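Quick notes on the structure that follows.
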Amino acid sequence: MIDEDREGIPFVGAGPGDPELLTVAGRRLLEGADLVVHAGSLVNGQLLEEYCEGARAVNSAGKDLEELIPLMADAYEAGETVVRLHSGDPSIYGAAVEQMDALAERGIPSYLVPGVTAAFAASATLGTQLTLPEVSNHVVITRPQGRTLDTENDHITEFVDMGDVTTCVYLGTHAVGETMDRLLEDGQDPDTPVAVVYHASWPDEDVITGTIDSIADKVAEAGYRASALVLIGEAVTGSGYGRSHLYGGWANSDHDWGE
Numbered sequence: 001m002i003d004e005d006r007e008g009i010p011f012v013g014a015g016p017g018d019p020e021l022l023t024v025a026g027r028r029l030l031e032g033a034d035l036v037v038h039a040g041s042l043v044n045g046q047l048l049e050e051y052c053e054g055a056r057a058v059n060s061a062g063k064d065l066e067e068l069i070p071l072m073a074d075a076y077e078a079g080e081t082v083v084r085l086h087s088g089d090p091s092i093y094g095a096a097v098e099q100m101d102a103l104a105e106r107g108i109p110s111y112l113v114p115g116v117t118a119a120f121a122a123s124a125t126l127g128t129q130l131t132l133p134e135v136s137n138h139v140v141i142t143r144p145q146g147r148t149l150d151t152e153n154d155h156i157t158e159f160v161d162m163g164d165v166t167t168c169v170y171l172g173t174h175a176v177g178e179t180m181d182r183l184l185e186d187g188q189d190p191d192t193p194v195a196v197v198y199h200a201s202w203p204d205e206d207v208i209t210g211t212i213d214s215i216a217d218k219v220a221e222a223g224y225r226a227s228a229l230v231l232i233g234e235a236v237t238g239s240g241y242g243r244s245h246l247y248g249g250w251a252n253s254d255h256d257w258g259e
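In the UniProt record's numbering, the protein residues as written are 1 to 259.
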């Protein structure tokens, strides 16, 4: 539970882009803030305009830990209400914990406030589920490893090879071509569905669909190099699924829903 009186600096997930997808707790914390340190262009400017009107907003882009920690700590120690605003959910491919640990070294408490991550916004845009009966029983959140795409520590092909999995590749728009080439080299079915959702839930959202064999050329033609989520697996199409046991006869045998 996010206690309104909780002490410390909250690390708030801003959600995938649409300000409407900010959590109730996140909105309350932003509206009560004196200082909001945000993730720059990764956070929709409209969100800052709507919910941070009374706060001093500072862009964290280009600032290292040695700049960010004193900025937040000094304001907090001066009695200001400070919010650290991360894109998406702060627990996924962020640097929240190292900032929280650095604040703790100065005796300043902090805590996480979840946000809607891009994979969930992308699945909503596609009108499908990340898990579908008899299609996908697993969801993987992963990313290409390193600037040089270190294949030894990159497990994307292993995840896709599981078959009944939806693989969500973050921070990999620039490497779609290399990733698909590697999947093909490893013997993956070239007709496996792939969707690339650019700026999921933003006004300029764009969806590119294809297969392992075709998606790279389509993404290159669109010119996207960042800010897109890559989803790989049969669930991307939202078809071919079996009936869920949630609404099967055995699940409803003790209930007469017509009464």
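Here a beta-carbon is modelled for each residue, glycine too, at the ideal position from N, C-alpha and C.
Since the structure is predicted, the reported quantities are computational estimates derived from the model, not experimental observations.
Practice problem: Please report how far the alpha carbon of D101 lies from the alpha carbon of A33, in whole angstroms. | Solution: Numbered from 1 along the sequence shown, position 101 holds the residue referred to as residue 101. Numbered from 1 along the sequence shown, position 33 holds the residue referred to as residue 33. So the alpha carbons of these two residues sit roughly 21 Å apart.
Practice problem: Taking Q188 as the reference, give the member of V219, L71, E234, L22 with the closest Cα. | Solution: For the purposes of this step, residue 188 is taken as the residue at position 188 of the sequence shown. Taking only the C-alpha atoms, the option nearest Q188 is E234.
Exercise. Spell out the partners DSSP gives Y198 in its beta bridges.
Key: For the purposes of this step, residue 198 is identified with residue 198 of the sequence shown, where counting begins at 1. Y198 is bridged to D206, A228.
Quiz prompt | Per-residue DSSP class, three states only, for R56 | solution = Indexing the sequence shown from 1 puts residue 56 at position 56. If DSSP states are grouped into helix, strand and coil, R56 belongs with the strands.
Self-check item: V116 to E20 span [Cα, whole Å]
Solution: As a working note, residue 116 is residue 116 in the sequence shown. As a working note, residue 20 is residue 20 in the sequence shown. One C-alpha to the other measures close to 11 Å.
Self-check item: Nearest-angstrom Cβ-Cβ length linking I164 and H138, presumed shorter than 8 Å
Solution: Your numbering for residue 164 matches position 164 in the sequence shown. Your numbering for residue 138 matches position 138 in the sequence shown. Position check: residue 164 holds Asp in this sequence, whereas Ile was assumed. With a Cβ gap of about 6 Å, D164 and H138 count as contacting.
Quiz item: From I9, M180, E66, pick the residue whose C-alpha is nearest to that of D213; which is it?
Solution: Translated into the one-based positions of the sequence shown, residue 213 becomes position 213. Residue M180 is the option with its Cα nearest to D213.
Quiz item: If we call anything under 8 Å between Cβ atoms a contact, is L126 one with V207?
Solution: Along the sequence shown, one-based indexing puts residue 126 at 126. Along the sequence shown, one-based indexing puts residue 207 at 207. Result yes, Cβ atoms of L126 and V207 sit closer than 8 Å.
Practice problem: Could you check the C-alpha separation between V36 and L246 for me, to the nearest Å? | Solution: Here residue 36 is taken as the residue at index 36 of the sequence shown, counted from 1. Here residue 246 is taken as the residue at index 246 of the sequence shown, counted from 1. Their Cα atoms are separated by approximately 43 Å.
Exercise. List the whole-angstrom C-beta distance separating A75 from V83, where the pair is believed to meet the contact cut-off of C-beta under 8 Å.
Key: Residue mapping note: residue 75 aligns to position 75 of the sequence shown, counting from 1. Residue mapping note: residue 83 aligns to position 83 of the sequence shown, counting from 1. No, A75 and V83 are not in contact; Cβ-Cβ is about 10 Å, not under 8 Å.
Quiz item: Do R143 and L183 have their C-beta atoms within less than 8 Å of each other?
Solution: Counting from 1 along the sequence shown, the entry for residue 143 is found at position 143. Counting from 1 along the sequence shown, the entry for residue 183 is found at position 183. No.
Practice problem: Report back the beta-carbon spacing between T173 and S227 to the nearest angstrom; my notes put them in contact at under 8 Å. | Solution: As a working note, residue 173 is residue 173 in the sequence shown. As a working note, residue 227 is residue 227 in the sequence shown. Yes, T173 and S227 are in contact; Cβ-Cβ is about 7 Å, under 8 Å.
Quiz item: Buried or exposed: which applies to A14, given that a residue is buried once 16 or more other Cβ atoms fall within 10 Å of its Cβ?
Solution: Indexing the sequence shown from 1 puts residue 14 at position 14. Looking at its Cβ environment, which holds 16 or more other Cβ atoms inside 10 Å, A14 is buried.
Quiz item: Nearest-angstrom Cα distance between A121 and E205?
Solution: Taking the first residue of the sequence shown as position 1, residue 121 is located at position 121. Taking the first residue of the sequence shown as position 1, residue 205 is located at position 205. The alpha-carbon atoms of A121 and E205 are separated by roughly 11 Å.
Quiz item: Would the beta-carbon of I9 fall within 8 Å of that of L103?
Solution: Counted from its first residue, the sequence shown places residue 9 at position 9. Counted from its first residue, the sequence shown places residue 103 at position 103. Yes, the Cβ-Cβ distance between I9 and L103 is below 8 Å.
Quiz item: Under 8 Å between the Cβ atoms of I69 and Q99?
Solution: As a first step, residue 69 is located in the sequence shown; it is residue number 69 there, counting from the start. As a first step, residue 99 is located in the sequence shown; it is residue number 99 there, counting from the start. Against a cut-off of 8 Å, the Cβ pair of Q99 and I69 comes out as a contact.
Self-check item: Assigned secondary structure, T192 (DSSP; H/G/I helix, E/B strand, else coil)
Solution: Looking up residue 192 in the sequence shown gives position 192. Three-state result, T192: coil.
Quiz item: For the alpha helix (DSSP H) that residue 277 lies in, which residues bound it at each end?
Solution: No information on residue 277 is available, as it lies outside the stretch 1 to 259 that the chain covers here.
Practice problem: Output the distance between the C-alpha atoms of E259 and A220, rounded to the nearest integer angstrom. | Solution: For the purposes of this step, residue 259 is taken as residue 259 along the sequence shown, with counting starting at 1. For the purposes of this step, residue 220 is taken as residue 220 along the sequence shown, with counting starting at 1. The predicted model places E259 with a pLDDT of 45, which falls under 50 and marks its position as unreliable, so this point remains unresolved.
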